[in-house]
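Colleague: Questions regarding the structure given below will be posed in turn.
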Amino acid sequence: MFACIYGRSVSETVPSGAEKEEPSSPLVDLAFSFSPLVEKTSEDTVVFDISGQNLLFGIPNKSAADGSSTDETQVALRLAREISRQAGRLNLKVNVAIAASPDAAIHAARAFKGSTVIPAGEETSRLGALSIKRLDHSLAGVEEKRAEEILETFTFWGVRTFSDLADLPLAGVAERLGQEGLRLKRLAEGTTERPLNLVRPPIGFEQSLEIEHPISELEPLSFILSRLLNQICANLNEYALATNELKLCLRTEEAERDQGPSSVTEAPSSLHERSITLPVPMRDPKTFLRLLLLDIETRPPQAPISAVSITAQPVKPHARQKGLFIPLAPEPEKLEITLARLAKLVGPDRVGSLEIVDTHRVDVFRMTKFRLPRRSGRNVRKDVAHASPAWPVIGFRIFRPAWRAEVQTAGGQPRRIDARGAQARVRGRILCAAGPWRASGDWWRPDVWARDEWDVAVTDSTGEKTEVLCRIYRDLISGEWFLAGIYD
Amino acid sequence: MNATAIKKQVELALADRFSESLQPVERRPPETLPTGVRELDVLLEGFPRAAITEIHGASSSGRTSVLLSMLALSTIREESCALIDCSDTFDPASASKAGVDFNCLLWVRCRSKVEHAFKACDLLLHGGGFGVVVLNLGDVPAKIVRRIITPWWFRFRRAIENTPTALIVITPEASVRSCAALVLELHNEATVWSRPMPFVSENGNRAFTERTRGTTSHLSLVTPVAPRADGSGYSQFLHRWKIRVTTNRSIKFAGVTGSFEARLP
Chain A
237 MFACIYGRSV
247 SETVPSGAEK
257 EEPSSPLVDL
267 AFSFSPLVEK
277 TSEDTVVFDI
287 SGQNLLFGIP
297 NKSAADGSST
307 DETQVALRLA
317 REISRQAGRL
327 NLKVNVAIAA
337 SPDAAIHAAR
347 AFKGSTVIPA
357 GEETSRLGAL
367 SIKRLDHSLA
377 GVEEKRAEEI
387 LETFTFWGVR
397 TFSDLADLPL
407 AGVAERLGQE
417 GLRLKRLAEG
427 TTERPLNLVR
437 PPIGFEQSLE
447 IEHPISELEP
457 LSFILSRLLN
467 QICANLNEYA
477 LATNELKLCL
487 RTEEAERDQG
497 PSSVTEAPSS
507 LHERSITLPV
517 PMRDPKTFLR
527 LLLLDIETRP
537 PQAPISAVSI
547 TAQPVKPHAR
557 QKGLFIPLAP
567 EPEKLEITLA
577 RLAKLVGPDR
587 VGSLEIVDTH
597 RVDVFRMTKF
607 RLPRRSGRNV
617 RKDVAHASPA
627 WPVIGFRIFR
637 PAWRAEVQTA
647 GGQPRRIDAR
657 GAQARVRGRI
667 LCAAGPWRAS
677 GDWWRPDVWA
687 RDEWDVAVTD
697 STGEKTEVLC
707 RIYRDLISGE
717 WFLAGIYD
Chain B
46 MNATAIKKQV
56 ELALADRFSE
66 SLQPVERRPP
76 ETLPTGVREL
86 DVLLEGFPRA
96 AITEIHGASS
106 SGRTSVLLSM
116 LALSTIREES
126 CALIDCSDTF
136 DPASASKAGV
146 DFNCLLWVRC
156 RSKVEHAFKA
166 CDLLLHGGGF
176 GVVVLNLGDV
186 PAKIVRRIIT
196 PWWFRFRRAI
206 ENTPTALIVI
216 TPEASVRSCA
226 ALVLELHNEA
236 TVWSRPMPFV
246 SENGNRAFTE
256 RTRGTTSHLS
266 LVTPVAPRAD
276 GSGYSQFLHR
286 WKIRVTTNRS
296 IKFAGVTGSF
306 EARLP
């Protein structure tokens with residue numbers, strides 16, 4: 237059995253041309269609430285298969301089942317009224333028709349107002365009075381120009397209604413009008429058999445769940461997250477897609493108490509919203525679960541959670557060519573988890589790649605998220621040969637913050653230093669000093685800086701009397717001495 | 046008949062059919078990672094992969110110079126490197142001058158917490174995929190380094206064996222002990238200075254600082270002038286190193302001493 241919904245007001249509200257781009261419409265959504273097998277015949281017509289749903293709606297699977305045809309008609313009428321009632325809730329004015337053939341249901345829904353049920357075998361008698369002009373030739377696969385020619389022929393023959401066409405002899409129609417004529421005759425009889433051109437249900441890349449009892453611990457939450465992520469990843473897998481961004485929205489109990497059980501988006505200030513951007517598209521639920529749990533552990537919500545929503549941004553999966561001579565690099569999925577764990581351990585602002593800022597100020601840099609570098613494919617061996625210096629560059633270990641120092645000077649030259657850090661100390665006589673080198677900058681800003689730098693060799697009397705090479709400076713604004721770091 | 050004789054008899058019987066399988070597996074020499082320090086590379090061909098290398102020495106002994114040189118070479122090869130900086134003393138400016146490509150370097154700053162540094166190192170080694178992992182404990186006081194328990198090193202050694210990862214540990218004194226495949230002990234033997242110059246340019250630009258000519262023994266540590274063809278325009282440290290190699294590795298050298306120079310760019 238097939239049901240057809242014809243929206244009387246849909247074609248006026250929906251703009252033309254939207255049909256091909258957006259398969260979802262109110263009529264399609266309404267049809268999906270009754271059956272997963274839905275065909276969107278036109279912008280205002282939807283037909284769907286209702287067979288096999290007898291347990292839900294009380295409709296026998298076959299028309300010639302053991303129940304009488306009157307009972308069957310009554311049940312089908314109830315279903316048609318239920319569809320009309322649901323459409324009324326959505327403010328849709330619709331005609332509903334149920335028939336054994338999808339094309340008969342379509343013609344009935346377009347022709348008769350309200351709910352119509354056509355029992356099997358009564359198609360010709362019920363549709364017979366309809367004008368031949370109402371015959372939808374596109375359902376029979378006849379081109380418009382050819383359909384016009386055939387309809388003109390029918391007019392010459394005096395065929396005015398569906399029943400007139402159905403009464404014509406089969407052999408005569410086939411002889412004069414060919415296969416197209418035959419298909420139109422069967423269409424008028426309401427006996428066509430064809431599979432539905434199915435609409436795919438809307439893709440669920442967003443999953444949400446309301447929790448009856450608010451959750452305050454991570455472990456029970458992980459089960460819920462796992463379930464939602466598995467569903468999202470299954471959908472991604474079905475469409476051969478992946479995601480590079482996950483958005484997690486946790487509604488807390490306080491937010492619910494304040495705002496009432498309204499939709500999640502109404503109280504953005506009280507929600508715990510997190511977004512995880514992935515370096516490459518992935519669709520592994522285990523990786524996603526670990527990343528989300530680590531993120532929640534790093535920044536936990538302030539109250540028990542009463543609703544969870546996860547949204548994945550679908551993108552094309554990452555295609556990767558592996559090679560024998562590609563330099564070693566971590567797996568992107570593993571790296572992302574490792575970075576999340578490191579961020580939890582030492583803090584998110586203390587892990588990543590560094591970027592030197594274009595300024596003269598000393599030790600200014602920016603921490604950015606570590607991403608696997610794109611392989612340039614250049615001749616690495618040649619680059620190494622060019623880059624290899626004749627001797628190593630002197631390394632420098634910088635103290636953050638610089639150690640405050642007491643420096644004794646004689647004749648403008650530093651002679652003795654005593655600097656103390658959090659865990660160590662440099663104290664002793666300065667054997668040799670070079671400098672000063674004056675550096676200053678940012679005079680237009682409140683945090684103007686100016687300093688005289690010296691490179692000094694100190695006989696460290698605290699250790700094994702080794703020579704330590706340090707960079708010290710005098711802050712010209714405060715006049716204090718600092719130990720900037722050690723050459724190593 | 047004892048077990049050895051029986052084994053020999055069985056091997057003789059099967060020698061024709063499975064001769065290759067019964068031969069002892071030849072141990073392959075360990076893959077090495079060039080350091081960029083010519084003297085070390087000539088002798089060792091670099092630091093061993095799948096093993097721990099320890100570089101220890103006092104402050105100003107050249108540990109960071111070797112480290113930056115090695116990191117520069119590794120990052121130029123587009124190998125992913127990780128630096129666990131326990132005391133947060135890594136200087137981006139000098140690393141940039143040494144040629145380190147920061148796009149390939151993951152920097153983990155541990156706020157002087159040794160426990161965090163070891164946990165971070167463990168995560169990175171077990172995560173896998175990094176060509177070089179550096180655990181920099183160079184500014185951790187020696188008394189704390191002495192308290193590091195040995196199972197950490199065993200765990201690290203186990204994590205990287207059969208992988209191409211090289212773990213470099215920098216400490217103020219020897220700590221890794223038998224778990225290290227290569228131990229490099231560094232000393233600062235001499236420092237070459239320019240004559241001290243109390244000269245201050247008006248705008249603080251170092252390009253105005255002049256190098257005093259005619260000095261024979263000292264160069265300035267910060268010299269802006271172009272180097273001569275023979276390289277004598279550079280400031281430099283002369284570092285002396287002493288290498289100890291654990292005997293269970295097939296590197297031939299033990300107790301070798303040598304020296305290299307590090308200069309300002």
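The listed protein sequences derive, respectively, from chains A and B. The opening position of the first sequence corresponds to residue 237 in the working numbering, with each subsequent residue numbered one higher. The opening position of the second sequence corresponds to residue 46 in the working numbering, with each subsequent residue numbered one higher. Beta carbons are placed, not taken as given, at the ideal position from N, Cα and C, and that holds for glycine.
(1) Would Glu481 (chain A) and Gln549 (chain A) be called neighbours here (beta carbons separated by less than 8 Å)?
(2) With DSSP run on the structure shown, which of helix, strand or coil describes Glu359 (chain A)?
(3) Does Lys276 (chain A) come out as helix, strand or coil in the three-state DSSP assignment?
(4) Give the interface partners of Ile200 (chain A) over in chain B, defined as CB-CB distance under 7 Å, in chain order.
(5) Could you tell me whether the Cβ of Lys53 (chain B) comes closer than 8 Å to any Cβ of chain A?
(6) Whole angstroms are fine: how far does the CA of Thr49 (chain B) sit from the CA of Val178 (chain B)?
(7) Which residues mark the beginning and the end of the beta strand (DSSP E) in which Cys149 (chain B) is found?
(8) State the CB to CB distance for the pair Leu78 (chain B) and Met115 (chain B), rounded to an integer number of angstroms; the pair is presumed to be in contact (CB under 8 Å).
(9) Have a look at the DSSP bridge pairing and note the partners of Ser367 (chain A).
(10) Taking 8 Å as the threshold (beta carbon to beta carbon), is Pro272 (chain A) in contact with chain B?
(11) Is Leu590 (chain A) close to chain B, meaning its C-beta is less than 8 Å from at least one C-beta of that chain?
(12) Considering Cys469 (chain A), what are the terminal residues of the alpha helix (DSSP H) in which it resides?
(13) What residue ranges within the region 97-133 of chain B form continuous beta strand (DSSP E) runs of no fewer than 3 residues, ordered along the chain?
(14) For Thr352 (chain A), I'd like the list of residues in its chain whose CB is within less than 6 Å of its CB, leaving aside the five on either flank, ordered along the chain.
(15) I'd like to know whether the C-beta atoms of Leu168 (chain B) and Thr645 (chain A) end up nearer to each other than 8 Å.
(16) Please report whether the beta-carbon of Ser220 (chain B) lies at a distance below 8 Å from any beta-carbon of chain A.
(17) Quick one: what does DSSP say Val582 (chain A) is sitting in, helix, strand or coil?
(18) So for Thr236 (chain B), helix, strand or coil by DSSP?
(19) Identify every residue that forms a DSSP beta bridge with Asp691 (chain A).
(20) Got a sec: is the Cβ-Cβ distance from Leu719 (chain A) to anything in chain B below 8 Å?
(21) Let me know the secondary structure DSSP gives Gln538 (chain A) once reduced to three states.
(22) Cα separation between Asp724 (chain A) and Phe199 (chain B)?
(23) Comparing the C-beta of Arg273 (chain B) with each C-beta of chain A, is any distance below 8 Å?
(24) Could you give the distance in angstroms between the alpha-carbon of Lys580 (chain A) and the alpha-carbon of Leu530 (chain A)?
(25) Which residue wins for smallest C-alpha separation from Pro682 (chain A), given the options A:Cys706, A:Ile713, A:Gly664?
(26) Would you list the residues sitting across from Trp685 (chain A) in a DSSP beta bridge?
(27) With Cys240 (chain A) and Ile368 (chain A) assumed to form a contact (beta carbons below 8 Å), what rounded beta-carbon distance in angstroms separates them?
(28) Residues of the region 516-537 of chain A with a CB closer than 7 Å to any CB of chain B: list them in chain order, please.
(29) Could you check what DSSP says for Leu525 (chain A) in three-state terms: helix, strand or coil?
(30) When the distance is taken between beta carbons, is Leu113 (chain B) closer than 8 Å to Ala138 (chain B)?
(31) Less than 8 Å between CB atoms is the rule here; does Ala693 (chain A) satisfy it with respect to chain B?
(32) Based on the DSSP output, what are the partners of Cys224 (chain B) in its beta bridges?
(33) May I ask you to verify whether the region 219-231 of chain B touches the region 82-95 of chain B, counting CB pairs closer than 8 Å and requiring at least 3?
(34) Residues in the same chain with beta-carbon distance under 6 Å from Thr534 (chain A), minus the five sequence neighbours each way, listed in chain order, please.
(35) How about Arg191 (chain B): is its C-beta nearer than 8 Å to some C-beta of chain A?
(36) To the nearest angstrom, how far is it from the Cα of Ala365 (chain A) to the Cα of Ala383 (chain A)?
Modeller: Taking the structure as given:
(1) Less than 8 Å divides the Cβ of Glu481 (chain A) from the Cβ of Gln549 (chain A).
(2) Look at Glu359 (chain A) here: in three-state DSSP terms it is helix.
(3) DSSP, reduced to helix, strand and coil, places Lys276 (chain A) within a strand of the structure shown.
(4) Beyond the ends of chain A as shown, which are 237 and 724, falls residue 200 (chain A); an answer cannot be given.
(5) Lys53 (chain B) does not count as touching chain A.
(6) Each residue's CA atom was taken as its position, placing Val178 (chain B) and Thr49 (chain B) some 44 Å apart.
(7) First-last for Cys149 (chain B): undefined, no H or E at that position.
(8) The C-beta distance from Leu78 (chain B) to Met115 (chain B) rounds to 7 Å, short enough to meet the 8 Å contact threshold.
(9) When DSSP reads this structure, Ser367 (chain A) sits in a beta bridge with A:Thr397.
(10) At a cut-off of 8 Å between C-beta atoms, Pro272 (chain A) does not count as an interface residue with respect to chain B.
(11) Contacts with chain B at 8 Å (Cβ-Cβ) include Leu590 (chain A).
(12) First-last of the alpha helix (DSSP H) with Cys469 (chain A): 454-474.
(13) Those beta strand (DSSP E) runs which fall completely within the region 97-133 of chain B and span 3+ residues are 126-130.
(14) So the list reads Ala333, Ala344, once near-sequence residues are dropped.
(15) Here Leu168 (chain B) is not near Thr645 (chain A), since their CB atoms are 8 Å or more apart.
(16) Output row for Ser220 (chain B): interface = no.
(17) Residue state, collapsed to three classes: helix.
(18) Strand.
(19) Checking the DSSP bridge columns, you'll see Asp691 (chain A) partnered with A:Ala670, A:Arg707.
(20) No, no contact with chain B.
(21) Looking at Gln538 (chain A) - three-state DSSP - the assignment turns out to be coil, as it is neither helix nor strand.
(22) Computed Cα separation, rounded: 28 Å.
(23) The predicted position of Arg273 (chain B) is uncertain, since its pLDDT is 40 and thus under 50; no value can be drawn from it.
(24) Distance from the CA atom of Lys580 (chain A) to the CA atom of Leu530 (chain A), rounded to whole angstroms, is 7 Å.
(25) Measuring from the Cα of Pro682 (chain A), the nearest candidate turns out to be A:Ile713.
(26) BP columns for Trp685 (chain A) point to A:Gly677.
(27) The pair is not a contact, with the Cβ atoms about 20 Å apart (cut-off 8 Å).
(28) From the region 516-537 of chain A, no residue has a Cβ closer than 7 Å to chain B.
(29) The three-state secondary structure of Leu525 (chain A), taken from DSSP, is helix.
(30) Cβ distance not < 8 Å, so Ala138 (chain B) and Leu113 (chain B) don't count as in contact.
(31) Interface flag for Ala693 (chain A) against chain B is set, since a Cβ pair is found closer than 8 Å.
(32) The partner list for Cys224 (chain B) (beta bridge, DSSP) is empty, contrary to what the question assumes.
(33) By the Cβ rule, the region 219-231 of chain B counts as touching the region 82-95 of chain B, because three or more pairs are nearer than 8 Å.
(34) So the list reads Lys580, once near-sequence residues are dropped.
(35) So, not an interface residue.
(36) Near 20 Å, if we compare the C-alpha coordinates of Ala383 (chain A) and Ala365 (chain A).
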